[in-house]
Amino acid sequence: MGGAPLLMDVYDRLLKQYGAQGWWPARSPFEVMVGAVLVQATAWSNAEKAISNLRAAGALSASAIRGLEVEALEELVRPSGFFRAKARKLKALCEFLCERYGDDIASMSMDGTERLRRDLLGVYGVGEETADDILLYALGRPVFVVDAYTRRVFGRLGFDEAEARYGEFQALFHERLSRDAALYNEYHALIVRHANSTCRSKPLCEGCPLSAECPRVGV
DNA sequence: GCCCAGGTGGGTA
DNA sequence: TACCCACATGGG
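Numbered per the working numbering, the first sequence spans residues 2 to 220.
This is the structure we're talking about:
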């Protein structure tokens, strides 16, 4: 299987096909964090409804979310699914932001990426993918996000690592691409765009921009 | 009606 | 460690 040239070639093909995506769709780093929790195991369209509810309720801040009764928060995030669990998770995240950073998101830039990741993983409801969403899209750290889209797209390209544990699959990208937050940001956004543009039933679709690199072509 | 969607935490062998 | 399972709404 190819190394850096292949991964950059895939990136170039996606960028040429879809253009720059300008992710994450959020108005602030805090909104990225909230979205990263709300989108867990759910379609983005549902997470978006919940975010709209929070915005309309004036609850898109850590202090506002802490101040809400949990039942009220549950109702606001209901459209995102698993709403009782996600309300708890948002509460936990906002408690963390207050206790550790005094709600000053900008002050998170004082901590190293490894330290931030370790601390985030200690927050209820924040697993590896959510932590990396926050690190990359809210804080601009060069961390490649591994999600269901990443695994699906690269699994189709024949990457056996797509079945591997999170850290091993992530290391594939960290080792073969330069440590560049802007690159990882755009790359993952393009993966999502691509995965949402192609059918799920075939290895690769007709006219797929990645087909020339697919080792399964002709099999 | 059925299936799926940008995970995570908790329990069990 | 390696599986299970619960958690829940909305769109195709």
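The beta carbon of each residue, even a glycine, is placed where N, CA and C say it ideally should be.
Using a 10 Å radius around the Cβ and a threshold of 16 neighbouring Cβ atoms, would you call residue i buried or exposed?
| i | result |
| --- | --- |
| GLY36 | buried |
| ALA63 | buried |
| LYS17 | exposed |
| ASN21 | A quick correction: the sequence has Ala, not Asn, at residue 21. The residue in question, ALA21, is exposed, as its Cβ has fewer than 16 Cβ neighbours within 10 Å. |
| ALA183 | exposed |
| ARG142 | buried |
| ARG119 | exposed |
| ALA190 | buried |
| ALA57 | exposed |
| HIS195 | buried |
Suppose you measure from the CA of residue i to the CA of residue j; what does that come to, to the nearest Å?
| i | j | result |
| --- | --- | --- |
| TYR185 | TYR19 | 16 angstroms |
| GLU176 | VAL144 | 11 angstroms |
| ARG101 | SER198 | 40 angstroms |
| TYR138 | PHE155 | 21 angstroms |
| LYS87 | GLU72 | 12 angstroms |
| GLU162 | SER29 | 33 angstroms |
| PHE170 | ILE192 | 15 angstroms |
| ASP134 | GLU75 | 23 angstroms |
| LEU158 | TYR188 | 15 angstroms |
| ASP112 | GLY208 | 45 angstroms |
| VAL40 | ARG166 | 21 angstroms |
| GLY168 | LYS92 | 27 angstroms |
| GLU164 | LEU173 | 12 angstroms |
| ARG80 | SER53 | It should be noted that the sequence gives Pro, not Arg, for residue 80. So the two alpha carbons sit approximately 10 angstroms from each other. |
Please say whether residue j and residue i have beta carbons closer to each other than 8 angstroms?
| i | j | result |
| --- | --- | --- |
| ALA132 | LEU140 | no |
| LEU117 | LEU136 | yes |
| GLY82 | THR43 | yes |
| LEU78 | PHE97 | Per the sequence presented here, residue 78 reads as Val, with Leu not at that position. Not closer than 8 angstroms, so no. |
| TRP45 | VAL33 | no |
| VAL146 | LYS90 | no |
| PHE31 | LEU61 | yes |
| ARG85 | PRO210 | no |
Are there any heavy atoms of the ligand MN lying less than 7 angstroms away from the beta-carbon of residue i, as far as the coordinates show?
| i | result |
| --- | --- |
| TYR12 | Here there are no bound small molecules, and the ligand MN is not part of this structure. |
Exercise for the section: For the region 7–17 and the region 44–51, state whether three or more C-beta atom pairs, one from each stretch, are separated by less than 8 angstroms. Expected result: Contact fails: fewer than three Cβ-Cβ distances are below 8 angstroms.
Handout entry: Cβ contact (3+ pairs, closer than 8 angstroms) linking the region 103–110 and the region 150–165
Key = Verdict: no, contact absent.
Practice task
Count the CB pairs spanning the region 123–134 and the region 61–71 that are closer than 8 angstroms, and state whether there are at least three.
Solution key: In short, these stretches do not touch, since the Cβ pair count stays below three.
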